[in-house]
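Enquirer: These protein sequence lines map, in sequence, to chains A, B and C. For the first sequence, our numbering assigns the number 2 to the initial residue and increments by one for each residue that follows. For the second sequence, our numbering assigns the number 22 to the initial residue and increments by one for each residue that follows. For the third sequence, our numbering assigns the number 551 to the initial residue and increments by one for each residue that follows. This is the structure I have questions about; it appears just below.
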Amino acid sequence: MRQKAVGGDRQGKGMASTTGNAEATPEVSGAVEADDGVRRRDFINIAAVSAAGVGGAVVLLPLVSQMAPSADVLAESTTELDISTLEVGQSIKAVFRKQPIFVRRLTPAEIEAANAVDVSALRDPATLDEITKPGHGDVLVVMGVCTHLGCVPLGAQEGENKGEFGGYFCPCHGSHYDTAARIRKGPAPTNLAVPEYQFTSDTTIVIG
Amino acid sequence: MIRLVGILIGLGFTFVVLLAFVTGAYTAATEEVAETAEHAFHEESHGPEAGYSFDGPFGTWNLAQLQRGYQVYKEVCSACHSLNYVAIRDLAQLGYSEAQVKAEAATWQVPGVNPDTGESEMRQALPTDYFPSPYPNAVAAAAANNNAIPPDLSLMAKARHHGSDYIYSLLTGYQEPPARLLEEFPDAAPGPGLYYNPYFANLNLAMAPPITSDGQVTYADGTDATISQMSADVAAFLTWTAEPTLIKRKQTGWPVLGFLLFATILAWFAKKQIWADAKPRRKD
Amino acid sequence: MSFPWAKEYTPQTGLTKFLDEKLPLPRLVYNAVGAGYPVPRNLSYFWNFGVLAGFFLVLQIVTGVVLAMHYAANTQVAFASVEHLMRDVNWGWLMRYTHANGASFFFVVIYIHIFRGLFYASYKPPREMIWLIGVVIFLLMMATAFMGYVLPWGQMSFWGAQVITGLFEAIPLVGPPLKTWLLGGFAPDNAALNRFFSLHYLLPFVIAGCVILHIWALHIPGSSNPTGVEVKDQSDTLPFHPYYTAKDGFGLGVALLVFMTFVFFLPNMLGHPDNYIEANPLSTPAHIVPEWYFYPFYAILRAFTFDFILPAKLWGVLAMFSAILVWFFLPWLDKGPVRSGHYRPLFRKFFWFGLIPVMAVLFYCGGAPAEEPYVMISQIATAYYFLHFLVILPIISSIERPDPLPFSITEAVLGSDKKAVLGENAEPVAT
Chain A
2 MRQKAVGGDR QGKGMASTTG NAEATPEVSG AVEADDGVRR RDFINIAAVS AAGVGGAVVL
62 LPLVSQMAPS ADVLAESTTE LDISTLEVGQ SIKAVFRKQP IFVRRLTPAE IEAANAVDVS
122 ALRDPATLDE ITKPGHGDVL VVMGVCTHLG CVPLGAQEGE NKGEFGGYFC PCHGSHYDTA
182 ARIRKGPAPT NLAVPEYQFT SDTTIVIG
Chain B
22 MIRLVGILIG LGFTFVVLLA FVTGAYTAAT EEVAETAEHA FHEESHGPEA GYSFDGPFGT
82 WNLAQLQRGY QVYKEVCSAC HSLNYVAIRD LAQLGYSEAQ VKAEAATWQV PGVNPDTGES
142 EMRQALPTDY FPSPYPNAVA AAAANNNAIP PDLSLMAKAR HHGSDYIYSL LTGYQEPPAR
202 LLEEFPDAAP GPGLYYNPYF ANLNLAMAPP ITSDGQVTYA DGTDATISQM SADVAAFLTW
262 TAEPTLIKRK QTGWPVLGFL LFATILAWFA KKQIWADAKP RRKD
Chain C
551 MSFPWAKEYT PQTGLTKFLD EKLPLPRLVY NAVGAGYPVP RNLSYFWNFG VLAGFFLVLQ
611 IVTGVVLAMH YAANTQVAFA SVEHLMRDVN WGWLMRYTHA NGASFFFVVI YIHIFRGLFY
671 ASYKPPREMI WLIGVVIFLL MMATAFMGYV LPWGQMSFWG AQVITGLFEA IPLVGPPLKT
731 WLLGGFAPDN AALNRFFSLH YLLPFVIAGC VILHIWALHI PGSSNPTGVE VKDQSDTLPF
791 HPYYTAKDGF GLGVALLVFM TFVFFLPNML GHPDNYIEAN PLSTPAHIVP EWYFYPFYAI
851 LRAFTFDFIL PAKLWGVLAM FSAILVWFFL PWLDKGPVRS GHYRPLFRKF FWFGLIPVMA
911 VLFYCGGAPA EEPYVMISQI ATAYYFLHFL VILPIISSIE RPDPLPFSIT EAVLGSDKKA
971 VLGENAEPVA T
């Protein structure tokens, strides 16, 4: 449609066109014609350059999205964990989306210590109940990734430094987490992240 | 000087290559070129009569057919042939639900490690696993198949000319060697453990006819499982495994070509308009 | 740039004034492909192919960088990493098909560009240097394309690497150790794959550098044109922008239409099915051929089947390399006073009825199996190929009587009936 309009316009203006469209536009005449003609002629160039620009922008889409996670990476974005053998006071380190995840069955003493804290005084206020799932208040599932700069905190394995608050301790810059994995001391801004997870049975957790 | 040297070199190469031509021509004229059995009996592959749903620039997958083809692969081909580059999760593209894919994955056994002892053992596959190989390694595959290793099928439809047709033709093309072949080329008769098939490059292949009788597979959707139907279905399935993005590719192509056509027409008019005032005028 | 009437770049905004003073990049672009570069006004669509070649080089580099983000140059996983790219990476199939077919189209465009140069004798003074750099670019392209084809580590990749490096074995004395050195082993393996990947990533940037030299050399005499008559005054030229940017934009659209038809609907047509089989050092495919753009040279290689003083294999290798090397000497082999084939009746006959059909035959025979009659046909074609460049061209350029040339480009463009105009007014340019 647009091309037709331009072809017709050119004929109307009587330009040096040999193959112009047969549709003349007799309505356009006089002084208005010159101005309008110039604008219309520019229009085709602007349209052509814009089309090239749109094309170039669309090409960016695959170029950018090829760097996003591929189908095989996305397919591995859930992890299923069996915690039937996890005993009180024990931790397991698992891998979720290529990052460590800590699952710990808290001892009654640790639960008590976590609940004794004045929540409002914390840097990132949260109660143990908010961090764990209802009915599984003793199972602490957190990402093993320090919220400061991404190191893996110590404390999940037997004999590791658990920090001043008996939870996790990040050796990189000295962040101390308590028994509910809440930040208590050091540079980390927030508690250890709790991933999306759910209990599909009493002993099975699906993360992600 | 350069031209003189050039002419000499040019004549030199010409002389040598013409010498080669003369000796070649002499050989061709004096020696009969033996006709080969492959040349005389090999047949061009063809697809099923109805064609495939994915043929042509507007083709689409027939998901029901792909599911049937998967069933044929699973129940027949997978006994010997691997599908190394295809993940079980990819079955979701054939129209299976997430739960169905998970259930399907559980029917395959893949090599794993016992988490307590570290011993190798087979475990149930997960959707993220790739289809397992029927043999632990190439040596085992060769040993079990009279030294002919069954090839991986993931890319078979792209690894042969007209691959989808080739698979169909090969599966339906087993036959007794024609009498004329045995007469003229006694050496080309299938040896022990070989089977005559005119669609195979050297006519005799080590794979026994895999699809031998109607109803070999019982289709869940009630389709009549004739030999031709099963062959077409598995050929379609293997076309999908070779290029799961085939249909997406064609469907992306149309808007791209449409846009390019539009932009090119615009560019043509812009070019015409810009050049309109560039035509030089005669002085007269 | 090269003509006194070339428009001068005048920065308008504060930023461009600042840049023009500190780093005159806008001025460079303006003078190279902008309104500051006067171009003969009579260029045909054959002159679009230089810009198209530049486009395909950029396309190959962009898609290649993307592919390299997902490819792993290790024989254990190379083939699988390409399949991962095709199946799981977002738009990976599009990137790879664009790159694979982009290589083919780069060669299509380059061949047309070269044959434009041959027909219009663009290699003649004062443009010898442009031509020489162009031949270097072509050689670099061949090396890059060959090494790129090895990377997927399919059957054709492996056997291509085996055969091409085997060519060096033909060189007396140093041949066999040279081949071992090139491969870093006795057969193509991890060492070869890794170095090919490294060089395949490097060479395109070397090509890009040569392209800059090519364009630089072009801007000294300015573009040639279909009449072969040099620019005389301002009326013979038009500024590159907007006239030729518009024309190139349209040409690019047409090229992309054809190219994208291949990428989306026939992506494997120019490739070989065997390359979808993982490399197997113990089994050679029945019919191995290089990629189509090497066919003419492969045909020349195979045409030499007779041991004459030197072994046939060495003759083949020598002839194959010479087939390209002769192009280097064209400016001195073709001494005719007139450039354009339009005004060289004898040259034109040999070009259209000799060289072009012979190249077509060589293209065909190079892809055909090495059996009769293809070998005999390619032997005749090979003989003509060398005769054409090394014997016929020098001789006809001495004896030919060219047609009268138009006085100027403007005159050639003027009037609807070019021939009539030429008949009335044209005088041959004294040379």
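Here a beta-carbon is modelled for each residue, glycine too, at the ideal position from N, C-alpha and C.
1) Assign residue 907 of chain C to one of two classes, buried (16 or more other C-beta atoms within 10 Å of its C-beta) or exposed (fewer than that).
2) Roughly how far, in whole angstroms, is the beta-carbon of residue 127 of chain B from the beta-carbon of residue 146 of chain B, given that I think they are within contact range, below 8 Å?
3) Is residue 169 of chain A buried or exposed, if buried means 16 or more other CB atoms sit within 10 Å of its CB?
4) Suppose the cutoff is 7 Å on Cβ atoms and the five residues either side in sequence are ignored; what does the same chain contact list for residue 709 of chain C look like?
5) Strictly by DSSP, which residues pair up with residue 145 of chain B?
6) Which residues in chain F have a C-beta closer than 8 Å to the C-beta of residue 220 of chain B? List them in chain order.
7) Would residue 32 of chain A be called buried (16 or more neighbouring beta carbons within 10 Å of its own) or exposed?
8) Which runs of the alpha helix (DSSP H) spanning at least 4 residues fall entirely within the segment 636-685 of chain C, listed in chain order?
9) Would you tell me roughly how many angstroms separate the C-alpha atoms of residue 767 of chain C and residue 754 of chain C, rounded to the nearest one?
10) I'd like the span of the alpha helix (DSSP H) that includes residue 813 of chain C, first residue to last.
11) Looking at chain A, is there any beta carbon in it that lies within less than 7 Å of the beta carbon of residue 290 of chain B?
12) Residues of chain C with CB under 8 Å from residue 53 of chain A, in chain order?
13) Start and end of the alpha helix (DSSP H) containing residue 948 of chain C?
14) Taking 7 Å as the threshold (beta carbon to beta carbon), is residue 16 of chain A in contact with chain B?
15) I need the boundaries of the beta strand (DSSP E) containing residue 179 of chain A, first residue and last residue.
16) Less than 6 Å between C-beta atoms, sequence neighbours within five positions excluded: which residues of the same chain meet that for residue 198 of chain A?
17) Listed from N- to C-terminal order along the chain, which residues in the segment 45-72 of chain A have their beta-carbon within a distance smaller than 7 Å of any beta-carbon of chain B?
18) For the alpha helix (DSSP H) containing residue 192 of chain B, name the first residue and the last one.
19) List, in chain order, every chain B residue whose beta-carbon is nearer than 8 Å to that of residue 197 of chain A.
20) In chain B, which residues lie with their C-beta within 7 Å of the C-beta of residue 944 of chain C?
21) Could you pull out every residue in the same chain whose Cβ sits closer than 7 Å to the Cβ of residue 116 of chain B, ignoring the five residues on either side in sequence?
22) State the Cα-Cα distance for the pair residue 841 of chain C and residue 573 of chain C, rounded to the nearest angstrom.
23) The segment 906-931 of chain C: which residues have C-beta closer than 7 Å to a C-beta of chain B, in chain order?
24) So with CB distances below 7 Å, who are the chain A contacts of residue 642 of chain C?
25) Thinking just about the alpha-carbon of each residue, which of B:152, B:237, B:204 and B:291 is nearest to the one in residue 105 of chain B?
26) For residue 589 of chain C, which three-state DSSP category applies?
27) Taking 7 Å as the CB-CB limit, is residue 104 of chain B close to chain A?
28) Using 7 Å as the limit for Cβ to Cβ distance, is residue 601 of chain C near chain A?
29) Quick check on residue 81 of chain A: does DSSP put it in helix, strand or coil?
30) Hey, is the segment 657-672 of chain C in contact with the segment 728-735 of chain C, meaning 3+ C-beta pairs nearer than 8 Å?
31) For residue 102 of chain A, which residues does DSSP report across the bridge?
32) Can you look up residue 201 of chain A in the DSSP assignment and give me helix, strand or coil?
33) Quick one: give me the first and last residue of the beta strand (DSSP E) that residue 186 of chain A is part of.
34) Between residue 76 of chain A and chain B, is any beta-carbon pair separated by less than 7 Å?
35) At the level of alpha carbons, what is the spacing between residue 910 of chain C and residue 902 of chain C?
36) With contact counted as at least three CB pairs below 8 Å, one residue from each stretch, are the segment 756-767 of chain C and the segment 651-662 of chain C in contact?
Expert: The answer reads as follows:
1) exposed
2) 7 Å
3) buried
4) 834, 835 and 838
5) B:130
6) You won't find chain F in this structure, because its protein chains are A, B and C.
7) Here residue 32 of chain A scores only 40 on pLDDT, less than 50, and its place in the model should not be relied on; the value that follows carries that caveat. Residue 32 of chain A is exposed by the Cβ-count criterion.
8) 642-669
9) 20 Å
10) 795-815
11) yes
12) 799
13) 943-949
14) Here residue 16 of chain A scores only 37 on pLDDT, less than 50, and its place in the model should not be relied on; the value that follows carries that caveat. Yes, residue 16 of chain A lies at the interface with chain B (some Cβ there is under 7 Å from its Cβ).
15) 176-179
16) 142, 206 and 208
17) 45, 46, 48, 49, 52, 53 and 56
18) 184-193
19) The contacting residues do not exist; residue 197 of chain A stays about 17 Å from chain B at best.
20) 24, 27 and 28
21) 84 and 88
22) 43 Å
23) 922, 925, 926, 929 and 930
24) 67
25) B:152
26) strand
27) no
28) no
29) strand
30) no
31) A:95 and A:144
32) strand
33) 184-186
34) yes
35) 11 Å
36) no
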